[in-house]
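Student: Taking our numbering, the leading residue of the sequence shown gets 1, the next gets one more, and so forth.
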Amino acid sequence: MSEEANAAAAVVSSAPPEPPDPLEITVPSHHTASVAPRTDPESAVDDSQATTARAAMVARLEECGDVGPGPVREALLALPREMLMPQAYVRRSAPDETPPRWDALDWARPDDRDELLRLLYSGDSVAIQHDGEPVLGRIPGPRSGGAMTAMSSTMGMTADLLQRLDLRPGQRVLDVGTGAAVTAAVACFVCGHDRIVTVDVDLHVSEAARARLLELGYRPAVGTGDGTAGWSETAPYDRIFVSFAVPRVPPALVSQLAPGGRALMTLGTSSPSWPDLAVVTRTLAGAVEGTLVAVEFGHRGGWGFDRLFLSRKFRDRIATSRGDWTQRTRLEPPPDTARGLWLALDHHFPGLVRHFGAEDLTIGAPECGSWMRVRPAGYRRWDVTVAGPRDIWAEIQDIASRWRAAGSPQTYRLQIGADGTQRVTTDSGALSWLLPTPRCDNGETR
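#1: Does L284 pass the burial test, meaning 16 or more other C-beta atoms within 10 Å, or should it be called exposed?
#2: Give the C-beta separation of G177 and V242 to the nearest angstrom, bearing in mind that I take them to be a contact with Cβ-Cβ under 8 Å.
#3: Determine the DSSP secondary structure at V173, reduced to helix, strand or coil.
#4: Measure the Cβ-Cβ separation of D66 and D160 and say whether it is below 8 Å.
#5: Tell me R282's beta-bridge partners as DSSP assigns them.
#6: Between L310 and G146, what straight-line distance do the alpha-carbon atoms span, to the nearest angstrom?
#7: Can you check whether the CB of V386 is closer than 8 Å to the CB of W325?
#8: Counting only the same chain and skipping the five closest in sequence on each side, list residues whose C-beta sits under 8 Å from that of P436.
#9: I'd like to check one pair, V182 with S471: are the Cβ atoms closer than 8 Å?
#10: Could you give the first and the last residue of the continuous beta strand (DSSP E) run that contains S432?
#11: Flag this pair as yes or no: are the beta carbons of A180 and I196 separated by less than 8 Å?
#12: If you draw a straight line from the C-alpha of A405 to the C-alpha of D398, how long is it?
#13: What are the boundary residues of the beta strand (DSSP E) that includes G260?
#14: Looking at the structure shown, is S370 part of a helix, part of a strand, or coil, going by DSSP?
#15: So is F189 buried or exposed if we call it buried at 16+ other beta carbons inside 10 Å?
#16: When you compare only the Cα positions, how much space is there between G217 and G429?
#17: Please list, in chain order, all residues of the same chain as G369 whose beta carbon is under 6 Å from its beta carbon, the five residues on each side excluded.
#18: Give me the Cα-Cα distance between D391 and A108, rounded to the nearest whole angstrom.
#19: Measuring straight from C-alpha to C-alpha, what distance separates G323 and G70?
#20: With respect to the alpha helix (DSSP H) encompassing P140, which residues constitute its N-terminal and C-terminal limits?
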C-alpha cells in the first residue's frame with residue numbers, strides 16, 4: 001500500500017448542499033442475520049484459491065490478535081472481497097515520485113486476477129477510487145497524477161474495531177463512511193441486512209457499494225450525505241461505526257445513539273502518528289459516557305501527504321544534518337508503549353509526524369520544518385538534536401512530566417457536555433484538554 005493511498009484512507013469530505021431523499025434508499029422489510037453471501041462461480045477466478053486466501057488472511061489476523069472466535073471472524077471468512085472490490089488500484093511509482101502512477105486492476109481481466117487476489121487478501125488498505133471518478137463502469141488500466149479518494153482500511157484495524165463494536169444479531173447499525181463496503185458487509189452478515197444503514201459523502205462510492213452488496217444478496221439502506229450528520233430517518237442505532245478520523249465526536253451521532261448503544265470513531269488531529277479511539281456509550285438510563293483510548297492503529301485525517309508522512313527529502317535532511325544544537329541528556333525518550341503520552345502530545349502540540357522507519361526516535365513538523373532526533377550515547381545517556389523554530393524535545397518533556405503526574409494513563413475520560421463542549425481528562429484531572437469547537441463560516445462558535 002502506498003503512503004499517499006494510506007493518507008486518503010480517512011479523508012473527511014464536506015457535505016453536499018442538499019441531503020439525499022430518504023425514499024431513494026432501499027430498506028427491506030424482512031430481517032435475516034448471518035446469511036452467507038451469494039457468490040457467482042462463473043465470475044470467480046478460482047473459488048478454492050479465493051477461499052484459501054481468505055482463510056490465510058484471517059489466520060494472520062488471529063495471529064496478530066486483531067480477530068478472535070466470533071461473528072466478525074465468521075464474516076471475514078465468508079465474505080468474498082473480490083466481489084466487494086472487483087476493481088482496485090496498485091501503485092507502480094515510488095512513494096516520492098511525481099506524478100504518481102497507478103494501474104487499475106480489474107477482476108474481469110484474467111491477467112489481473114492473481115495480482116488483485118494478492119492485493120485484496122494482503123490485509124493492506126485497498127484504493128478503489130481515483131480523483132473522485134465514477135466507480136462503476138470505469139475503464140481499467142494506467143492512471144497518472146491525481147490522488148486516491150476512496151479506499152478500504154487495513155484489515156487488521158478494521159477487524160479490531162469491529163470486534164470492539166460487539167456486533168450482534170438484530171442490532172440496528174449505522175456505518176458512516178461506506179468506502180468499499182467491507183464494514184457494511186460484515187454488519188449485514190452479523191446483524192441482518194435490513195438492520196443496516198451505510199452512508200458515504202460520495203455518490204459514486206455509494207452507488208458502487210449498493211450494487212456490490214446487492215450482488216452478495218444484501219440490501220441495506222445505502223445513503224449519500226454528510227456522515228457526521230448521521231441518518232436521522234431510521235435512528236436510533238445500537239451501534240455506530242465511523243470509518244474516518246474526526247476532530248471531535250459529531251453531536252448528531254451522539255443524539256442518534258440508542259440506550260445501551262455504542263459508537264466508535266478515531267479522533268484525529270494534524271498529528272497523525274498517534275491515533276486515539278473514542279468509545280461513546282449511552283446507558284440504559286440515557287446518560288452519555290465516553291472514553292478516549294490510545295491505540296496503535298487508527299484512521300487518519302487527510303491533511304495532505306507532507307503532513308501525514310515525512311518526505312524523503314525531509315528524512316534525508318534529518319539523517320545528515322547536524323541540526324541547530326545538540327545536548328546530552330539522562331532523560332530517557334518515551335517508549336512506543338507509552339501510547340497515552342503520545343496521545344496527549346498529539347492533542348497539545350499538533351503538527352508532529354514521526355518517522356517510524358528510522359533507527360532512532362525521529363520526529364518532524366513538516367509545516368514549519370522543525371525536527372528532532374534522539375540517539376543513544378552510552379549507558380542511560382542520549383544525544384538530542386533539534387532544528388527549526390519548534391523545540392520538539394521540550395514539548396515532549398512537558399507532556400511527559402504531566403502524563404507521569406497523572407498516573408501514566410493509557411485511557412482518558414471523554415466528557416460530552418450538553419452545551420457541546422467535549423473535554424478529555426484523566427480521573428485525577430491532572431492532565432486535560434478541550435477538543436476543538438466547530439465554527440460557522442462567520443468565525444463564530446456554534
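Just so you know, even glycine gets a beta-carbon here, dropped at the ideal spot from N, CA and C.
Tutor: In short, the structure shows the following:
#1: Answer is exposed; the Cβ neighbour count stays below 16.
#2: 6 Å
#3: V173 sits in a strand when the DSSP states are folded into three classes.
#4: yes
#5: V288
#6: 19 Å
#7: Going by C-beta atoms, W325 is nearer than 8 Å to V386.
#8: Non-local beta-carbon contacts of P436 in its own chain, meaning distances under 8 Å to residues more than five positions away in sequence, involve P247, R248 in chain order.
#9: The chain is shown from 1 up to 446; residue 471 falls before or after that span and cannot be answered.
#10: Segment 432 to 434, the beta strand (DSSP E) holding S432.
#11: no
#12: Taken atom to atom, the span from the alpha-carbon of A405 to that of D398 is near 11 Å.
#13: Residues 257 to 267.
#14: Three-state DSSP puts S370 in a strand.
#15: buried
#16: 50 Å
#17: Cβ neighbours of G369 within its own chain (closer than 6 Å, five residues either side excluded): G388.
#18: 54 Å
#19: 52 Å
#20: It is not in any alpha helix (DSSP H) - P140 carries neither H nor E in the DSSP assignment.
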